[in-house]
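First residue of the sequence shown: 1148, per our numbering; consecutive thereafter. Heads up, the beta-carbon is just placed ideally off N, CA and C, and yes, glycines get one too. Just so you know, these numbers come straight off a predicted model, no measurement behind them.
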Amino acid sequence: MVEGYQGFPHIKLRVPIEGRAVSPPGGGKKNPLTVANLGNNRQGHGNKLQASVESLIFSWQETQEERDKKGKPRLPENAKPIILQIDPIAFDSEDLRKYGIEVIAELENGYIIGASANDPEFSELQKKIEKFIKAERGVNKVSEIWEILDGTRRPEYILSPELLNEWENITDNNLFIVDVGIACIGSRSQFSDYPEQKQSDTDEKYTRRVREWINKRDLTYQEWDLIKLKREDDFTDFVQEYQGEIFDIIDGRIPDSAQLPDSFSCKIQISGKGLKDLVLNFPYIFDVSLPDDIAEFLGTEASADVDNIDFQLEPPELNAPKVCVIDSGIQESHSLLKAAIDLQSSRSWVPEETDISADYYGNGGHGTRVAGAILYPRTIPRSGKEKSVCWIQNARVLDANCELPKQLFPPIFLGKILEFYHKQTKTRIFNHCISGSVPCQTQSMSSWAATIDNLTWTKDILFIVAAGNLPSEGRKIGSTRLSVKEHLAANRPYPDYLLENSCRIANPAQSFQALTVGSIALSYYHQFPYSSISQKDKPSAFSCSGLGIWKTIKPEVVEYGGDFVIDEGTPPNITYPHNVCPELVRSTLNGGPAFAADNVGTSFAVPKVSHIAARLAAELPNESCLLYRALIVQSARWPEWTSADDVTKLHVLRQIGYGLPDVDRALGNAPHRITLMTTGERRIVAKQAHVYQVKLPETLRSPGENFKILVEVTLSYKAQPRRTRRNRRKYLSTWLDWECSKKGEDPERFLGRVLKESEAPEDSEKGEEPFKWTLGKQNNHGIIKDVSRSAGTLQKDWAIVNSFELTEAFSIAVVGHEGWNNDPEASVPYSLVVSFEAVQADIPIYTPMVEAQIETEVQAEIEIQSL
């Protein structure tokens, strides 16, 4: 138990009440464009679509004839590319297969990249359009297909912004290295719905129907595998026809780590001529982007001398947690690190330097600093002895210039790293603070981020990643990332400029299942004419902001990564003296002190959160990384400055997420705080609900002893991703959210509201008014509008309530919803954490009596109640 928290452990949430979840209400207003297409514009709309299809087919025939004349590579047979725009609310893109169209990828605003599915003339689509024009029955959904676009617009929807900027300047003989995404799910993207037993079904007949469904499901899996192999071959042949190269192919195949259930990704080198042909004509391609340039790491010349220290780091316990540092290498012999380094596991993936794992990045290194911040999250001890909290493992992927070699493709090297460290050494925590130099895309998940999501799905691991840094000044040609100096020169004041699109988090920080960390300033500095841009506990001037892809809350947490200092110039000069820098271990391979305050960046905020994860893994070695992630976020708080009336809370959320985590709160409680958590593996399927009823003692809810209670809830789960789909409902195999009881709501009434098979007694209390949650289940439910706690796989919310508004049993339901996987047996794991804290810290609510009462009453619920 943590010092100062003796006797205040977390309490286990016991086995929940399980049942079938009540279906959410459907419906809603139809889009005016769809209404018009179905009404007085039926003829015009149908004729427009018909003309677009005919033009598409004619254009494709011309293209084929030209290809044959010029001897261009053959394209996959019976597959023509098409781009459509559909009603994004009313039309389910998966239904396009009924029109003979395979969905290659979903984009924003209802745009769909598609391909003809063994129907090169789009005959099924044309039939439905013809019937729609004639107002025949059963084809009104054609009104929700708004537009069919000219194929020449494919670059607009397939290329990354940086590559699109260069598109018109590409010449045939240019050589390009690009990352490519290929869809490979075919026209059958889902199974048929699981059979429900009809009244007329005998048990034998229903069993036979279920068996037939299982056989069809298994055949669909086999079909997907065959499609993937065929498309790998088609794509490989295409690239090789242009004398291109696909990196990291093994025996002619794409490695497993670069494959998802619906797609595969690879890095290729190809001529400009081949690239243009690929983007315009290869039907299954949905993403082409330039490889990420790694964001420049910030640093200054360190002071020549530091105080002599008499400190000794002692090795951790043999079974201590392991944290893998994926970075520029580590100076493993450093006196402040050596005892904690797992020397047997050091590896390098840098081409031609696979036997070199040291940190050769100049001016103090980078990975060395990161490793030091895991061990020393605040300051370097000057004297005494201290046992390391964890083992540090060195996975080098950046070269001596702190750049990612062009040959390295993140999905591949991350897969290799996981294959080695997780399989060989059982490592579960991965510190990965490398990030791209430009804002992450918001249209679809990148291959880098999706790989992190998929690896997290397949293994019990936690990736902790950086939000990314803004450059102090200057930027690369074609980059969409503006520097801090450019913002200030354009009269965009701090912190407003952090909300600009150019300051959006960097790839792979948008990953749904990684924990993303931003930076805040650790101090305020003013010495005329110099002043720090930020102030203590406010977002660092360089820290990239959210929201993340599909309005997820990113970064989730922040730590102290330093700040920038400016002078009185116009525009000002930017520096970062030691006064605003965190104290970090330095590599001495190129000279200089063993540690110094000479560097800033989100890179140094990330390892401080990895430190907390390691402490949790040491304290709870048999629990899942989902629980570690939940406890870290549950412990996070907004700093005091955020409570001011003139502070826009949505801006705070975008800049610092849930706030600064606290290792003590993550590990334990205090007299004024009680935390309950699930333990072991809890799994849930779609359309199911798990209801937890926290029995609260009378002392916590007495009307005569009214006081304010801070209620915090965090749900952490993971699911299998699909990269070609957008939004959580289709990107994830199953998605979850949570619901809780209202003020004064009777537990039985809550069960009746959440579970289909449960009916609340007529005399039970309804609890009409919900608590005032900060975020809310939907983007207009909470105190903060235009954001929802339910968007991602890490869902925290908090509210301050009066003690008398709590009932005997505070009820929380975790609810599963169908994502892309409609297999009713497809389950996902989750962890749930709930805390009650007296706002007035002098009011004790966690006493031995209360602990015993909660434990006893929760234990009474241990029998599984399946309704």
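For a test of the three-state rule: what should DSSP assign to residue i, helix, strand or coil?
i, result
"THR1349", "coil"
"ILE1576", "strand"
"ASP1910", "Residue placement at ASP1910 is poorly supported in this model, since its pLDDT is 47, which falls under 50; the coordinates still yield a value, given next. In this structure, ASP1910 counts as coil in the three-state DSSP scheme."
"ALA1760", "helix"
"LEU1465", "coil"
"PRO1754", "helix"
"PHE1382", "helix"
"PRO1894", "helix"
"LEU1843", "coil"
"LEU2014", "With a pLDDT of 41 at LEU2014, under the threshold of 50, the modelled position of this residue cannot be trusted, and the question is left open."
"TYR1431", "coil"
"ALA1183", "helix"
"PHE1279", "helix"
"ASP1365", "helix"
"TRP1697", "helix"
Under the DSSP definition of a beta bridge, which residues are partnered with residue i?
i, result
"LYS1855", "ASN1949"
"ARG1784", "LEU1807"
"GLY1166", "ALA1836"
"GLY1391", "Paired residues: none, contrary to the question."
"LYS2044", "Residue 2044 cannot be examined here, being either before or after the span of the chain that is shown, 1148 to 2014."
"ASN1616", "SER1690"
"GLN1406", "PHE1411"
"LYS1553", "None; LYS1553 has no bridge partner."
Use the C-beta contact count for residue i: other C-beta atoms within 10 angstroms, 16 or more gives buried, fewer gives exposed.
i, result
"TYR1507", "buried"
"ALA1451", "Because ALA1451 sits at a pLDDT of 49, beneath the cut-off of 50, its placement in the model cannot be relied upon, and the following sentence gives the value as read from the coordinates. Per the 10 Å Cβ criterion, exposed."
"SER1666", "buried"
"HIS1673", "exposed"
"SER1591", "buried"
"SER1339", "exposed"
"SER1593", "buried"
"VAL1470", "buried"
"ILE1611", "buried"
"ASN1466", "exposed"
"ILE1236", "exposed"
"LYS1104", "Given that the chain is displayed from residue 1148 to residue 2014, the structure contains no residue 1104 and the question cannot be resolved."
"VAL1357", "exposed"
"LEU1922", "buried"
"SER1480", "exposed"
"TRP2031", "Because the chain in this structure spans residues 1148 to 2014, residue 2031 falls outside the shown range and cannot be described."
"ASN1601", "buried"
"ASP1365", "exposed"
Just tell me which of the options has its CA closest to the CA of residue i.
i, options, result
"ARG1494", "GLN1571, LYS1919 and GLY1511", "GLN1571"
"ASP1439", "LEU1310, ASP1242, TYR1839 and PRO1302", "LEU1310"
"PRO1754", "ILE1539, ALA1226 and SER1504", "ILE1539"
"ALA1183", "ASN1225, LYS1274, ILE1158 and SER1290", "SER1290"
"ARG1820", "GLY1391, GLN1987, ARG1221 and LEU1272", "GLN1987"
"GLY1929", "VAL1975, LYS1796, ARG1896 and THR1940", "LYS1796"
"LYS1563", "ASP1395, LYS1363 and LYS1219", "ASP1395"
"PRO1686", "TYR1677, GLU1916, GLY1716 and THR1749", "THR1749"
"LEU1243", "ASN1256, VAL1386 and PHE1269", "PHE1269"
"ARG1221", "ILE1680, PRO1430 and GLU1249", "PRO1430"
"GLY1399", "LEU1407, GLU1984 and ASP1384", "ASP1384"
"VAL1664", "PRO1740, ARG1801, GLY1621 and VAL1536", "ARG1801"
"ASP1884", "GLY1939, LYS1855 and ASN1320", "GLY1939"
Hey, quick one: how far does the beta strand (DSSP E) through residue i stretch, first residue to last?
i, result
"ASN1541", "1538 to 1543"
"PRO1228", "1228 to 1233"
"LYS1159", "1158 to 1160"
"HIS1122", "Residue 1122 lies beyond the range of the chain shown here (1148 to 2014); nothing can be said about it."
"GLU1706", "1704 to 1707"
"GLN1416", "1410 to 1418"
"LYS1532", "1530 to 1534"
If you follow the alpha helix (DSSP H) that residue i is part of, which residue opens it and which one closes it?
i, result
"TYR1977", "Note, TYR1977: premise wrong, no alpha helix (DSSP H); beta strand (DSSP E) at 1974 to 1985."
"LYS1199", "Going by the sequence as given, residue 1199 is Ser instead of Lys. 1189 to 1217 is the extent of the alpha helix (DSSP H) around SER1199."
"GLY1519", "1514 to 1522"
"PRO1240", "At residue 1240 the sequence reads Ser, which differs from the Pro that was named. Neither: SER1240 is in no alpha helix (DSSP H) and is coded neither H nor E."
"THR1598", "1594 to 1605"
"VAL1497", "Taken as a continuous stretch (DSSP letters only), VAL1497 belongs to no alpha helix (DSSP H), as it is neither H nor E."
Would you please verify whether the beta carbon of residue i is less than 7 Å from any beta carbon of chain D?
i, result
"ALA1783", "This model lacks chain D altogether; it includes just one protein chain."
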